[in-house]
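S.K.: What follows is a structure written as structure tokens; I'll ask about it next.
Number of protein chains: 2
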Amino acid sequence: MDVSRQQAASADDAAQAPAVEKGPRARTRRLMLETATRLMQSGLTPSVSEVAEAAEVSRATAYRYFPSQAALVQAVVDEGLGPILTWKSTSNDAERRVADLFATAMPRIEAFEATFKAALKLSLDQWARREAGTLGSEPAFTRGHRVDLLKDAIAPLKGRLKPRQFRRLAQALSLVFGVEVVTVLKDIWGLDSAEMMSVAQWAAGALVRAAVAESEARSVGMSAASKAMSA
Amino acid sequence: MDVSRQQAASADDAAQAPAVEKGPRARTRRLMLETATRLMQSGLTPSVSEVAEAAEVSRATAYRYFPSQAALVQAVVDEGLGPILTWKSTSNDAERRVADLFATAMPRIEAFEATFKAALKLSLDQWARREAGTLGSEPAFTRGHRVDLLKDAIAPLKGRLKPRQFRRLAQALSLVFGVEVVTVLKDIWGLDSAEMMSVAQWAAGALVRAAVAESEARSVGMSAASKAMSA
DNA sequence: AAATTTCTGAGACGCGAGTATCATATTGAT
DNA sequence: ATCAATATGATACTCGCGTCTCAGAAATTT
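Protein chains in written order, with this note's numbering: chain A, 42 to 272; chain B, 42 to 272.
Next up, the structure:
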């Protein structure tokens, strides 16, 4: 038989398969992911070429596994997100559950600060491309995990709050939860990690209590939250 | 829109232009800024080259006025920020003042959505560069306007709140005010402008009321983590 | 009007990201 | 050990951003 090149056949299985794979393919991918994670946790935002050099593989090979910096960041984000996504609180109190979630997630986000900031940057890039119409069927960044996490955290209020209020609370909480909080409180205000945590926790608690107070003011009548209805 | 402008009326330089300049220098700069603003308000995030083409000047000339996309975005941000920075509320009620500020600023931010998102992206770029040590001693993005605006908005509480509480409220409010709100509520949650506005306003109001309530409850001595309605 | 300063346009150039191609090395089944 | 499938590496290429140089056009001065 005639021997011709056929590397193109196995081009697109390198997306995101944490499934049990063996062989050099999985090994190299793992090596690159670990290298990229290590670099990003040290604060860097390496390009594919830089990861290739650090992992001591050729540029060509690196690009075979991660066709762009976006793919690389996405993979590291998934890595860093792991412990957060499996989070479960033991409490039944919404405010405490939210506090738990923040205490779990925010330090993790800070540890992967460069990664999450890169992800935010890439999502903005994607938005700009979509707006300009020059979106070439790209991976489509996720960036919606906080929605489910927060909905789950305040799930105990699902009975006490009207669906409309429940959703609004989740939406408001999503404003004080995530990398954006880091960019605002640390980069603009110059706070340190502990101060940032404190502010975010206070804001989250205040929002939860406000939602509860409002809902109780509606059913019970007079209460300390009477001012809340004037909005 | 209208490209024919007098060169004499050229007092409004934005970023790094030496004060009062006349002649073709100011005219070309103004032409480019108007072109860039128009393009960005239509949702695009043009490169310097693209603005050059749209403004019908050569690439070389364009780069003389705006040495990078960052400089361009910064200039357009200043343009878009104008009406916001001069904002003054007539009310003495902190909550109302905050609501006023939001009602003024957020629509403006939305109108310049592409610009502010580009600015956010560039500030993330800058952070990454600083982190990597490869900062070319160039841009220095501002991005701190919301601090003064919010402090001013809640100024009526300066007497009622302790400095620590006052600062914390301003910091918390800065989380629900700015482009980040747009990226989270519109891009992730899929809300429209009105819904976004409603959520941001509710969150801001809740935070202000929580700060006030806490300060009033302080005479009891206990941290306000307990339910607000337990009187 | 002539001379001088300033502005502009048209290239060439370097650089980094991403793509494509081909030759070689490694693996795994027989 | 052999042979085909597959993984890897070296290299060259495109492309867009930003820099640089230089000659010509415009404006300002005298």
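No residue lacks a Cβ here, since even glycine has one placed at the ideal position from N, Cα and C.
How long is the line joining the alpha carbons of residue 234/A and residue 227/A, rounded to whole angstroms?
M.R.: Within the first sequence, numbered from 1, the residue matching residue 234/A stands at position 193. Within the first sequence, numbered from 1, the residue matching residue 227/A stands at position 186. Each residue's Cα considered, the two are about 8 Å apart.
S.K.: In the segment 81-114 of chain A, which residues sit with their C-beta less than 8 Å from some C-beta in chain B, listed in chain order?
M.R.: Here the close residues are 84, 85, 86.
S.K.: With a threshold of 7 Å between beta-carbons, can residue 256/A be considered close to chain B, or not?
M.R.: The sequence position of residue 256/A within the first sequence is 215, counting from 1. False, the Cβ-Cβ gap to chain B never drops below 7 Å.
S.K.: Using only the alpha-carbon positions, how far apart do residue 152/B and residue 131/A sit?
M.R.: Within the second sequence, numbered from 1, the residue matching residue 152/B stands at position 111. Within the first sequence, numbered from 1, the residue matching residue 131/A stands at position 90. Their Cα atoms are separated by approximately 44 Å.
S.K.: Would you give the residue range spanned by the alpha helix (DSSP H) that residue 107/A belongs to?
M.R.: Sequence index remark: in the first sequence, residue 107/A carries index 66 (1-based). Unbroken run through residue 107/A: none, as it is neither H nor E.
S.K.: Could you check which residue in 184/A, 240/A, 127/A has the C-alpha nearest to that of residue 225/A?
M.R.: Here residue 225/A refers to the residue found at position 184 of the first sequence. Closest by alpha carbon: 240/A.
S.K.: Give the single residue among 179/B, 198/B, 213/B whose Cα lies nearest to the Cα of residue 136/B.
M.R.: Locating residue 136/B in the second sequence gives position 95, counting from the first residue. Cα-wise, what sits closest to residue 136/B is 198/B.
S.K.: Taking all protein chains shown into account, do 16 or more other C-beta atoms lie within 10 angstroms of the C-beta of residue 91/B, making it buried, or fewer, making it exposed?
M.R.: As a working note, residue 91/B is residue 50 in the second sequence. When all chains shown are included, residue 91/B counts as buried.
S.K.: Using a threshold of 7 Å, state whether the C-beta atoms of residue 86/A and residue 121/A are closer than that.
M.R.: In the first sequence, counting from the first residue as 1, residue 86/A sits at position 45. In the first sequence, counting from the first residue as 1, residue 121/A sits at position 80. Against a cut-off of 7 Å, the Cβ pair of residue 121/A and residue 86/A comes out as no contact.
S.K.: Using only CA atoms, which one of 194/B, 205/B, 168/B lies nearest to residue 4/B?
M.R.: Coverage of chain B is limited to positions 42 through 272, which leaves residue 4/B absent and any answer about it impossible.
S.K.: Which residues in the same chain have their Cβ closer than 6 Å to the Cβ of residue 77/A, if we skip the five residues on either side of it in sequence?
M.R.: By one-based count along the first sequence, residue 77/A stands at place 36. Same-chain partners within the cutoff: 92, 113, 117.
S.K.: What is the DSSP secondary structure of residue 143/A, reduced to helix, strand or coil?
M.R.: Along the first sequence, one-based indexing puts residue 143/A at 102. Looking at residue 143/A - three-state DSSP - the assignment turns out to be helix.
S.K.: Under 8 Å Cβ-Cβ, which residues of chain A neighbour residue 229/B?
M.R.: One-based indexing of the second sequence puts residue 229/B at position 188. The answer, in chain order, is 184, 185, 187, 188, 215.
S.K.: Taking just the CA atoms, how far does residue 208/B sit from residue 255/B?
M.R.: The sequence position of residue 255/B within the second sequence is 214, counting from 1. The sequence position of residue 208/B within the second sequence is 167, counting from 1. Near 14 Å, if we compare the C-alpha coordinates of residue 208/B and residue 255/B.
S.K.: Could you name the residues of chain A that residue 221/B contacts, counting a contact when the two beta carbons are closer than 8 Å?
M.R.: Against the second sequence, residue 221/B aligns to sequence position 180. The answer, in chain order, is 216, 221, 224, 225.
S.K.: Please report how far the alpha carbon of residue 119/B lies from the alpha carbon of residue 189/B, in whole angstroms.
M.R.: In the second sequence, counting from the first residue as 1, residue 119/B sits at position 78. In the second sequence, counting from the first residue as 1, residue 189/B sits at position 148. Rounded to the nearest angstrom, the two C-alpha atoms are 15 Å apart.
S.K.: Should residue 185/A be labelled buried (16 or more other beta-carbon atoms within 10 Å of its own) or exposed?
M.R.: Locating residue 185/A in the first sequence gives position 144, counting from the first residue. Residue 185/A is exposed by the Cβ-count criterion.
S.K.: Among 154/B, 158/B, 159/B, 124/B, whose alpha-carbon lies nearest the alpha-carbon of residue 142/B?
M.R.: On the second sequence, residue 142/B is found 101 positions in, with the first residue counted as 1. The residue with the shortest Cα to Cα distance from residue 142/B is 124/B.
S.K.: Taking any Cβ of chain A, which residues in the segment 147-180 of chain B have a Cβ under 8 Å from it, in chain order?
M.R.: Result list: 155, 158, 159, 161, 162, 164, 165, 166, 168, 169, 172, 173.
S.K.: Indicate the three-state DSSP secondary structure (helix, strand or coil) for residue 257/A in the structure shown.
M.R.: The residue given as residue 257/A occupies position 216 in the first sequence. The answer is helix: DSSP assigns residue 257/A an H, G or I state.
S.K.: Please confirm whether residue 215/A and residue 187/A have their CB atoms less than 7 Å apart.
M.R.: For the purposes of this step, residue 215/A is identified with residue 174 of the first sequence, where counting begins at 1. For the purposes of this step, residue 187/A is identified with residue 146 of the first sequence, where counting begins at 1. Result yes, Cβ atoms of residue 215/A and residue 187/A sit closer than 7 Å.
S.K.: Out of 242/B, 243/B, 238/B, 249/B, point me to the one whose CA is closest to residue 243/A's CA.
M.R.: For the purposes of this step, residue 243/A is taken as the residue at position 202 of the first sequence. The option with the nearest alpha carbon to residue 243/A is 249/B.
S.K.: Applying the criterion that 16 or more other CB atoms from any shown protein chain within 10 Å of the CB defines a buried residue, is residue 158/B buried or exposed?
M.R.: As a working mapping, residue 158/B is identified with position 117 in the second sequence. Buried, by the Cβ-count rule.
S.K.: Check each residue of the segment 230-245 of chain A: if its Cβ is closer than 7 Å to any Cβ of chain B, include it; give the result in chain order.
M.R.: Listed in sequence order: 230, 240, 243, 244.
S.K.: With a cut-off of 7 Å, does the C-beta of residue 209/A fall near any C-beta of chain B?
M.R.: Your numbering for residue 209/A matches position 168 in the first sequence. Closer than 7 Å to some Cβ of chain B, the Cβ of residue 209/A qualifies, so yes.
S.K.: Give the secondary structure of residue 136/A by DSSP, where H, G and I count as helix, E and B as strand, and everything else as coil.
M.R.: In the first sequence, residue 136/A corresponds to position 95, counting from 1. Of the three classes helix, strand and coil, the one that applies to residue 136/A here is helix, per DSSP.
S.K.: Report the three-state DSSP secondary structure of residue 234/B (helix, strand or coil).
M.R.: Walking along the second sequence from the start, residue 234/B turns up at place 193. In this structure, residue 234/B counts as helix in the three-state DSSP scheme.
S.K.: From the DSSP output, in three-state form, read off residue 128/A for me.
M.R.: Along the first sequence, read from residue 1 onward, the residue named residue 128/A stands at position 87. Here residue 128/A sits in coil by DSSP.
S.K.: Whose C-beta lies closer than 6 Å to the C-beta of residue 96/A among residues of the same chain, with five residues either side of it excluded?
M.R.: In the first sequence, residue 96/A corresponds to position 55, counting from 1. Same-chain partners within the cutoff: 72, 73, 76.
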